[in-house]
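Take 840 as the starting number for the sequence shown in the working numbering and just add one per residue.
Below you'll find the structure, written out as structure tokens, and then a few comments.
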Amino acid sequence: MVLRLSLPPLNGLRAFEVAGRHLSFRGASEELGVTQGAVAQQVRGLEQQLGLQLFLRESRGLGFTEIGRVYHAAVSQAFRQLGEATARLRPAPDQVTISVTPTFASKWLIPRLPRFAAAYPGVDLRVMATERVASFRSDGIDLAVRLGNPPFGASLRADLLFRQEVVAVCAPELLPEGRAALSAEELAGLTLLHDTHDLWPRYMADAFGPSGPASGPASGKGIRFSQTTLALDAALAGQGVALAARVLVNRDLAAGRLVQPVDHRLATGPDYYILAPRRTMSRAAEAARDWILGHSESDG
């Protein structure tokens, strides 16, 4: 013989559960998308069916009766279990967390995300933009893009993303009309935008030789930023000349938002690598890694 339980109406139970969380019929009505009166009526109907008072109607809102508090805890747990059981029926999207520097995120990865989403609609890509070194295990990282020099350790797979070639860039209006490039003296006379890599002395020496203009604090105007992306934003705003990896400014150069005042590339090293744990990669992480590697030469 099957024992059939006599259960109150689900709408009444739901109204009671939500009203109990808010201790307000108004808050429950906003969450449920029905009128305040409808919530109150459903709760009253539940109380009448049970023959018990669940709420104390007070001037400032609702309060639980002792039996109402105990019943609410049990009803809330039941709704949570229903929600969890329903969620397990639906396949969760594959999650991939990638740690990148803020400059790489804003100048390379973000412009390409729409194409990644179109190629892998079932992958939930999470981007962590930080300068600090991430831990794959403790931070829950699947992939990381960092400047570095191999070897990176036996537990990591490292794929070269692109070589770092640093170029000088500025807004087109900083170039004299009709000129495509600046002399060493003209470049040194502009505001130089520095970041934490502090590559201007090396760039000047490599571009113009040891007898070229200096680029230290005493050589002219300069502004220092904590991140390369900030220096590039200042360059886009016409505030001076910045240094950045060529691959990070390809889009702005192609669109004419930035120009190269000096036709020189500084091969600095270290280079950009995409890193992943060698033994614990999911299929989604492998797909994301391969997609990024496949677009490493893309300018768009």
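The beta carbon of each residue, even a glycine, is placed where N, CA and C say it ideally should be.
One or two residues paired with residue i in a DSSP bridge
| i | result |
| --- | --- |
| Ser938 | Met967, Ala983 |
| Gly900 | Glu897 |
| Ala997 | Leu1114 |
| Glu1004 | Ala1106 |
| Asp933 | Val962 |
| Val1098 | Cys1009 |
Under 8 Å between C-beta atoms of residue i and residue j
| i | j | result |
| --- | --- | --- |
| Gly900 | Ser863 | yes |
| Ser945 | Met967 | no |
| Ala1115 | Tyr959 | no |
| Glu1092 | Gln1099 | Rather than Glu, the amino acid found at residue 1092 in this sequence is Leu. Yes, Cβ-Cβ distance for Leu1092 and Gln1099 is below 8 Å. |
| Gln1066 | Asp1034 | yes |
| Leu852 | Val909 | no |
| Tyr1111 | Val1005 | no |
| Gly1095 | Pro1011 | yes |
heavy atom of the ligand NAD below 7 Å from residue i C-beta
| i | result |
| --- | --- |
| Ala1093 | The ligand NAD is absent from the structure shown, which contains no ligand whatsoever. |
Integer Cβ distance of residue i from residue j, believed to fall under 8 Å
| i | j | result |
| --- | --- | --- |
| Thr942 | Thr1068 | 4 Å |
| Trp1039 | Leu1031 | 5 Å |
| Asp998 | Asp963 | Not a contact, Cβ separation roughly 22 Å. |
| Val1086 | Trp947 | 7 Å |
| Pro847 | Gln892 | No, Pro847 and Gln892 are not in contact; Cβ-Cβ is about 15 Å, not under 8 Å. |
| Phe918 | Glu870 | Contact flag wrong, Cβ pair sits at about 13 Å. |
| Phe955 | Ser1135 | At roughly 13 Å, the Cβ-Cβ gap does not stay under 8 Å, so Phe955 and Ser1135 are not in contact. |
Delimiting residues of the alpha helix (DSSP H) encompassing residue i
| i | result |
| --- | --- |
| Asp1091 | 1085-1093 |
| Glu869 | 864-871 |
| Gly890 | Element bounds for Gly890: n/a, residue is neither H nor E. |
| Gly1077 | No alpha helix (DSSP H) holds Gly1077; DSSP gives it neither H nor E. |
| Phe1047 | 1039-1047 |
| Ser845 | From DSSP, Ser845 is part of no alpha helix (DSSP H); its letter is neither H nor E. |
| Gly907 | 905-928 |
| Trp947 | Element bounds for Trp947: n/a, residue is neither H nor E. |
| Leu1132 | 1122-1133 |
| Ala1020 | Element bounds for Ala1020: n/a, residue is neither H nor E. |
Buried or exposed by the 16-neighbour rule on C-beta atoms within 10 Å, applied to residue i
| i | result |
| --- | --- |
| Gln881 | buried |
| Thr940 | buried |
| Leu1082 | buried |
| Ala1007 | buried |
| Leu895 | exposed |
| Leu849 | exposed |
| Arg1118 | exposed |
| Gly890 | exposed |
| Ile949 | exposed |
| Ala1124 | buried |
| Ser1022 | exposed |
| Val841 | Confidence at Val841 is low in this model, with a pLDDT of 47, below 50, so its placement is unreliable and the value that follows should be read with caution. Flag for Val841 reads exposed. |
Range of the contiguous beta strand (DSSP E) that encloses residue i
| i | result |
| --- | --- |
| His1033 | 1031-1033 |
| Gly1061 | 1061-1063 |
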